[in-house]
Amino acid sequence: MYRKYAEEAMDIVKTIEADGPRLPGSDEEKAACKKLVSEIDNRLGLKAATESFIYAPEASIGAINKLGWVAALLLIPYYFGAEIIAMVGYIGIMVFVLTQIVVYTGIWDFCFKKAKSTNIITELPPTNGKSDYTVFLGAHYDSSWCWKLAAKNPATAIVKTAYGIFGAIAMIVLGLIAVLNRFDVFDDPWTVSIVTYVLPVAFLPGFFFVSHYLTQDKTEASPGAMDNLSGIALNMMVMKYFKEHPEEMPEGMKLVNIGFAAEESGLKGSLAYVKAHKAEMDKDNTYVLNVDSISDPGHFSAVKGDPWQFTKFDRGLIEMIKESIAETGEKVNEIVNPAGGCDSTPFCRAGIKTVTFAAQNPTISDYYHTFNDVSDRLEIDVFEKGFAVILNTIKKIGASRKGMEANAAETEATTEAATETVSEVAAAEVVEVAETAEKE
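Using full-length UniProt numbering, the first residue of the sequence shown is number 1, and each one after it goes up by one.
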């Protein structure tokens with residue numbers, strides 16, 4: 001039914017993919033931005049606007065491998081009598097992990113080199129010219145650094161990474177024990193010394209694994225066909241569909257499509273957009289449908305939240321996504337984002353109704369954030385179903401708005417009728433009182 005739009009979406013993926021990986025802040029990301037603006041103009045007949053922002057590309061996930069090297073190097077002061085310095089260093093590593101990689105606070109961004117990236121915004125106005133509400137489509141066009149551990153052996157990647165993290169935590173404890181041992185706190189200081197200076201050697205392999213978690217080498221970076229040119233291309237085609245079929249566009253809806261940059265750096269693009277436009281977004285009349293990684297049959301999912309970011313997405317939109325998935329014949333899944341965050345989170349924190357639609361195996365794989373994320377493994381059939389889910393969810397939002405308007409009109413009519421009845425009763429009572437007084 002939507003085959004031609006799915007095929008054109010695949011062509012867009014291949015067109016952008018041809019220029020190579022698009023690491024946050026890179027020249028390739030900037031080139032992709034220019035090309036997408038041109039593609040929107042040529043394919044959709046719409047003019048895209050752009051908004052740039054400054055941020056630190058490697059202040060989050062991009063710093064993981066460096067943390068592994070720092071953890072290994074901290075063993076030098078540890079073994080040369082500066083256990084306190086080493087312990088403080090390991091505490092610093094864990095604070096950074098929690099505040100920059102687990103929760104995207106950005107509080108340490110000032111320590112990193114800055115770059116500029118650009119969001120792409122395309123608007124399709126309401127068919128009747130009057131905007132009653134806005135639906136945002138979102139997807140990111142940057143791609144990730146290559147997760148080398150996952151590319152090599154996804155089954156052991158998590159274990160190896162956890163080993164390195166455990167080692168850093170253990171070194172905090174061992175550092176404290178070593179310091180206390182200097183003050184004869186323990187009954188057998190000799191044994192404690194042996195343990196505190198032999199055991200750290202066991203954590204070196206873990207630090208090595210973390211140092212090889214990813215690479216900044218552009219030639220090995222992820223092409224990002226699934227994550228997330230798939231979302232970019234499908235959203236563009238949904239815009240094109242409504243432009244070509246205005247009779248199907250929900251009445252009073254303004255449709256806005258955003259291509260976010262720098263999602264892989266901790267949602268920097270969506271954070272920048274929300275910061276710039278929060279005051280303009282009416283919480284009661286704004287809906288955000290984020291699309292991320294449409295690839296795997298059997299894994300069509302409504303993402304209900306980002307636990308690492310402490311966000312829960314809108315229940316109404318979640319149910320609409322699930323209904324739309326069911327209508328395609330795909331298995332319906334409702335999941336939480338297993339790690340990190342998605343571009344729904346900044347909108348959710350701003351009080352805007354949002355949900356993320358994904359079709360990706362949520363377990364770690366050799367094609368997620370690796371050089372294997374190429375268009376050759378994507379399927380037109382999956383794109384066609386993904387297109388239908390996005391399109392039908394937008395229509396369901398429109399239908400829900402009509403229902404809300406009908407209920408509001410009915411409530412208003414009921415209120416007016418009740419007011420008229422009360423007025424009539426009051427008038428009758430006044431007449432009755434007047435007649436009684438006249439008789440007396």
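A virtual CB, placed ideally from N, CA and C, is assigned to each residue, including glycine.
On a predicted model such as this, the values are computed, not experimentally measured, just so you know.
| Query | Result |
| --- | --- |
| Sub-8 angstroms separation of V389 and F260 beta-carbons | no |
| Exposed unless 16 or more other CB atoms sit within 10 angstroms - verdict on V70 | buried |
| Residue nearest to S143 in terms of C-alpha spacing, selected from K114, D217, D184, D132 | D217 |
| H277 (DSSP reduced to helix, strand or coil) | helix |
| Alpha-carbon spacing of L73 relative to K66, whole angstroms | 11 angstroms |
| Through-space distance from K240 to R43, alpha-carbon basis | 8 angstroms |
| Three-state secondary structure (DSSP) of S52 | strand |
| D314 versus W190: straight-line alpha-carbon distance, rounded | 59 angstroms |
| Whole-angstrom distance between S365 and D376, CA atom to CA atom | 16 angstroms |
| C-beta contact flag for G62 and Y213 at 8 angstroms | no |
| Through-space distance from A56 to D109, alpha-carbon basis | 6 angstroms |
| Beta-carbon gap between A48 and I120 smaller than 8 angstroms | yes |
| Three-state secondary structure (DSSP) of W147 | strand |
| Validate contact between the stretch 78 to 93 and the stretch 162 to 173 using beta carbons, cut 8 angstroms, 3 pairs | yes |
| Option in G403, K130, Q100 with minimal Cα separation from S60 | Q100 |
| Beta-carbon proximity of D292 to C342, cut-off 8 angstroms | yes |
| Under the three-state DSSP convention, the category S38 falls into | helix |
| Length of the line joining the Cα atoms of L180 and F80 | 16 angstroms |
| Whether T134 touches T286 by CB criterion (8 angstroms) | yes |
| In DSSP terms, what K254 is bridged to | T134 |
| Euclidean distance between Cα positions of M237 and A6 | 8 angstroms |
| Residues sharing a beta bridge with D306, DSSP | T311 |
| Option in D227, S211, E384 with minimal Cα separation from residue 456 | Because the chain spans 1 through 440 in this model, residue 456 falls outside it and cannot be assessed. |
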